[in-house]
Amino acid sequence: MPKVVRHIVEYALYRLLEGVLRHLPWNTALAMGEALGSLTYWIDSRHRKVVWQNIQNSDLGFSKVATEKVAKECFRHFGGISFTLPQLLFMDAEGLAQLVSFHGIEHWDAASRSGKGFIGLTGHFGNWEAMALALSAVGRPLAVIGRKLDNPWLDRRLRTLRTRFGNRAIEKSGAMKESIKTLRSGMGIGFLLDQDARSKGVFAKFLGRWASTYPTAAALALRFDIPVIPIYSYPQDDGTIVVRAEPPLTIPRTGETDKDIQNATQIMSTVLAQKVHSFPSLWFWMHRRFKTQPPIANIGSHPDTSEESLCPSTS
Numbered sequence: 001m002p003k004v005v006r007h008i009v010e011y012a013l014y015r016l017l018e019g020v021l022r023h024l025p026w027n028t029a030l031a032m033g034e035a036l037g038s039l040t041y042w043i044d045s046r047h048r049k050v051v052w053q054n055i056q057n058s059d060l061g062f063s064k065v066a067t068e069k070v071a072k073e074c075f076r077h078f079g080g081i082s083f084t085l086p087q088l089l090f091m092d093a094e095g096l097a098q099l100v101s102f103h104g105i106e107h108w109d110a111a112s113r114s115g116k117g118f119i120g121l122t123g124h125f126g127n128w129e130a131m132a133l134a135l136s137a138v139g140r141p142l143a144v145i146g147r148k149l150d151n152p153w154l155d156r157r158l159r160t161l162r163t164r165f166g167n168r169a170i171e172k173s174g175a176m177k178e179s180i181k182t183l184r185s186g187m188g189i190g191f192l193l194d195q196d197a198r199s200k201g202v203f204a205k206f207l208g209r210w211a212s213t214y215p216t217a218a219a220l221a222l223r224f225d226i227p228v229i230p231i232y233s234y235p236q237d238d239g240t241i242v243v244r245a246e247p248p249l250t251i252p253r254t255g256e257t258d259k260d261i262q263n264a265t266q267i268m269s270t271v272l273a274q275k276v277h278s279f280p281s282l283w284f285w286m287h288r289r290f291k292t293q294p295p296i297a298n299i300g301s302h303p304d305t306s307e308e309s310l311c312p313s314t315s
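Sequential numbering from 1 applies to the sequence shown in the numbering used here.
Put into structure tokens, the structure is as follows:
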């Protein structure tokens, strides 16, 4: 199938699904998505295998029984996120205020008042789409680095909806220049740290395993002496979502740039891993986070801090 035709079909199917799901009650769409996620666990053997391998090879120390329980809950959770996304993206500020509550937001506000910008540290944990949109709806927008989707119609559609309350999308191409400009304007930049950086990352321990991790957040925090605010979302049993901002991380400095970036990246990875330990079913285990592994001799090697290496996609 020609690419243009495939894009048209994909976009048409998305708009059809969007048109149905966005008008359902939130908890109805959530329940439907969770049910589909539970079914997907049994029929999607490829992703089920990835989830099992990731959990079993982590430092959680789960038995097979515990692994199966978390794996099923993970599929169920992300099924719910998928089915509620269309409604979320069209929700007005009042609806978002009823859905999402904030705790520790004073840490976010203190960082914002510095006027130097800041790093909002998170991961593919909880409902990060709801978190970003709800923050922007209460006057706390973020800039997020991301690459365009392959489908241009779908990319424009989602980007417009995600930025309608003031969030910004920074193109991956030339992202470092835009990131610096964004920070100098006093705006925060959100980073999902749990992506495989392939050859462009530094190796940090995450859930007991080496993981190639983009050094962007650490490099910017150190270069501009800006705070790093961990912030995570926690779906509740009643369908609502709690967003918690935490005090800024303490990032030590030795004066050796490469070493400081390595240490800061490890600190951030450890903080995210602690959340996964506490709420394992809320993390995106389907991702091949540990695909890139270091040769033994390269563990702890100096990070690549070129502009290209410091521009991860955080979509």
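Yeah, the Cβ is synthetic: ideal placement off N, Cα and C, and Gly gets one too.
| task | Starting from the C-beta of L36, find all residues in its chain whose C-beta is less than 6 Å away, skip the five residues before and the five after it, and write them out in chain order. | result | G79
| field | Inter-residue Cα distance where the pair is P86 and I241 | value | 16 Å
| task | State the DSSP-derived secondary structure class of Y234, mapped to helix, strand or coil. | result | strand
| task | Please go through the same chain and pick out, in chain order, the residues whose beta-carbon is closer than 7 Å to the beta-carbon of P303, but skip the five residues on each side of it. | result | Because P303 sits at a pLDDT of 47, beneath the cut-off of 50, its placement in the model cannot be relied upon, and the point is left open.
| request: Reducing DSSP to helix, strand and coil, say where E256 ends up. | output: Three-state result, E256: coil.
| request: In the DSSP assignment, find the beta strand (DSSP E) that holds G95 and state where it starts and stops. | output: No beta strand (DSSP E) contains G95, which is instead part of the alpha helix (DSSP H) from 93-99.
| query | Cα-Cα, which of S38, I170, V243 is closest to L147? | reply | Residue 147 is actually Arg in this sequence, not Leu. When only C-alpha atoms are compared, the closest one is I170.
| query | Would S306 be called buried (16 or more neighbouring beta carbons within 10 Å of its own) or exposed? | reply | Because the pLDDT of S306 is 45, which lies under 50, any placement of that residue in the model is unreliable, and the question is left without a value.
| Cβ pair F90, V243 closer than 9 Å | The answer is no: Cβ separation not under 9 Å.
| query | Is the segment 66-75 touching the segment 37-47 in the sense that three or more CB pairs, one from each, lie closer than 8 Å? | reply | yes
| Contact between the segment 179-190 and the segment 110-128: three or more CB pairs below 8 Å? | yes
| Below 9 Å between beta carbons: does that hold for G104 and E246? | Contact: yes.
| query | Helix, strand or coil for R164 per DSSP? | reply | coil
| message | If contact is defined by three or more beta carbon pairs under 8 Å, each pair taking one atom from either stretch, is the segment 129-137 in contact with the segment 281-290? | response | Result no; under three Cβ-Cβ pairs closer than 8 Å.
| request: Please say whether T84 and L142 have beta carbons closer to each other than 9 Å? | output: no
| query | Whose C-alpha, out of F224, D194, D238, is nearest the C-alpha of I251? | reply | F224
| field | For A197 and T67, the rounded distance between their alpha carbons | value | Going by the C-alpha atoms only, they are around 26 Å apart.
| Between the Cα of A175 and the Cα atoms of W210, S199, A217, D150, which residue gives the shortest distance? | A217
| query | What first and last residue would you give for the beta strand (DSSP E) that runs through V144? | reply | 142-146
| query | With DSSP run on the structure shown, which of helix, strand or coil describes L121? | reply | DSSP places L121 in strand when its eight states are reduced to three.
| said: Can you find the residues in the same chain that come closer than 6 Å, C-beta to C-beta, to F165, ignoring five residues on each side of it along the sequence? | reply: S136, A137
| request: State the start and end residues of the unbroken alpha helix (DSSP H) segment that holds F206. | output: It is not in any alpha helix (DSSP H) - F206 instead sits in the beta strand (DSSP E) that spans 202-206.
| Is the beta carbon of S212 less than 9 Å from the beta carbon of Q274? | no
| message | For F191, report the span of its beta strand (DSSP E) as first-last. | response | 188-192
| W42 classed as buried or exposed, judged by whether at least 16 other C-beta atoms fall within 10 angstroms | exposed
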